[in-house]
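Undergrad: Below is the structure I would like to discuss, written out as structure tokens.
Numbering (the numbering used here), first residue to last: 7 to 286.
Okay, here's the thing in structure tokens:
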């Protein structure tokens with residue numbers, strides 16, 4: 007403060023021209039110093055903003071890396087209730103095949119209901135695509151099973167070959183799948199299980215398992231799925247068997263045994279509440 011006071015007294019003693027000169031010099035120095043300070047401040051702020059921007063980008067990159075690591079971690083399989091969808095083929099105005107007043111749609115429904123009743127008694131959840139004589143679209147059947155996220159899909163049918171009435175027996179159809187829902191079970195494995203049980207129980211001619219990739223209920227379902235063709239209505243011997251309630255009951259039991267065998271392969275278990283569960 008004393009220095010400034012002396013400087014002020016000295017300035018007052020100067021002549022008018024000298025005062026003007028000093029004023030100009032001081033003004034120029036002030037301008038130069040002010041500009042330098044402003045540039046320094048701007049540079050500091052830019053550096054700070056750049057640092058903050060880099061810090062944000064680094065944080066985002068680190069977050070993405072952490073998220074990716076979490077995605078790559080193996081997911082623990084969750085327990086899911088076992089659901090078996092039973093699909094009685096045809097129905098309503100769609101008779102399927104027939105011989106006289108013997109209609110395939112009725113045989114399919116009878117075997118399916120017998121099958122489902124036994125499975126339900128074991129505590130396994132069963133859903134039917136139909137429980138009465140009505141027509142259900144093929145896409146609707148597949149959608150129903152997919153919407154339930156079903157464990158297995160079993161479609162029950164009977165066959166016919168009018169041009170070759172001597173042809174008879176049992177076969178099981180499947181759709182080859184490259185990406186089965188369950189790693190240890192797919193349509194082909196399920197078809198083999200179903201075919202084996204049907205032949206052992208019914209003693210019919212073994213026509214084997216057959217690939218049918220174009221059938222809607224096999225192609226569009228997202229779980230192991232098969233069509234069980236029990237016997238041939240067009241063959242006299244098979245037809246007589248199908249007319250017998252005992253034979254149809256055996257067919258139902260063979261399909262039940264197939265479901266239990268498949269679930270055992272898939273390591274399904276009852277939980278403490280008695281609900282059948284499977285890892286998925």
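Yeah, the Cβ is synthetic: ideal placement off N, Cα and C, and Gly gets one too.
Remember, it's a predicted structure, so these values are computed and weren't measured experimentally.
(1) Report the CB separation of residue 134 from residue 123 in whole angstroms; it is logged as a contact under 8 Å.
(2) Hey, how far is the Cα of residue 163 from the Cα of residue 259?
(3) Inspect the beta-carbon positions of residue 176 and residue 211 and report whether they are closer than 8 Å.
(4) Who does residue 165 pair with in a DSSP beta bridge?
(5) Would you list the residues sitting across from residue 195 in a DSSP beta bridge?
(6) By how many angstroms is the C-alpha of residue 279 removed from the C-alpha of residue 238?
(7) Counting C-beta neighbours from all protein chains within 10 Å, is the total for residue 215 16 or more, i.e. buried, or is it exposed?
(8) For residue 125, which three-state DSSP category applies?
(9) Near residue 53, what residues of its chain come up, given a Cβ to Cβ distance below 6 Å and the 5 sequence neighbours on each side ignored?
(10) Is it buried or exposed, residue 182, if we count other Cβ atoms within 10 angstroms and call 16 or more buried?
(11) So, do the stretch 127-145 and the stretch 188-198 have three or more beta carbon pairs nearer to each other than 8 Å?
(12) When you compare only the Cα positions, how much space is there between residue 217 and residue 198?
(13) For a minimum of 4 consecutive residues, which ranges assigned as the alpha helix (DSSP H) are wholly contained in the stretch 209-272?
(14) With the cut-off set at 8 Å, would you say residue 142 and residue 102 are in Cβ contact?
(15) Go through its chain and collect everything with a Cβ distance to residue 230's Cβ below 6 Å, but skip five positions before and after it.
TA: Answer, in terms of the structure:
(1) That belief does not hold up - the Cβ atoms of residue 134 and residue 123 are roughly 11 Å apart, past 8 Å.
(2) 15 Å
(3) yes
(4) 238
(5) DSSP, once it has assigned bridges, lists no residue as partnering residue 195.
(6) 42 Å
(7) By the neighbour-count rule (16 or more Cβ atoms within 10 Å), residue 215 is buried.
(8) helix
(9) In this predicted model, residue 53 has a pLDDT of only 49, less than 50, meaning its place in the structure is not dependable enough to derive any value.
(10) It counts as exposed.
(11) no
(12) Whole-angstrom Cα-Cα distance: 11 Å.
(13) 222-225, 242-248, 251-271
(14) Between residue 142 and residue 102, the CB-CB gap reaches or exceeds 8 Å.
(15) Leaving aside the five residues that flank residue 230 on each side, the residues in its chain whose CB is nearer than 6 Å to its CB run, in chain order, 158, 191, 192, 193, 196.
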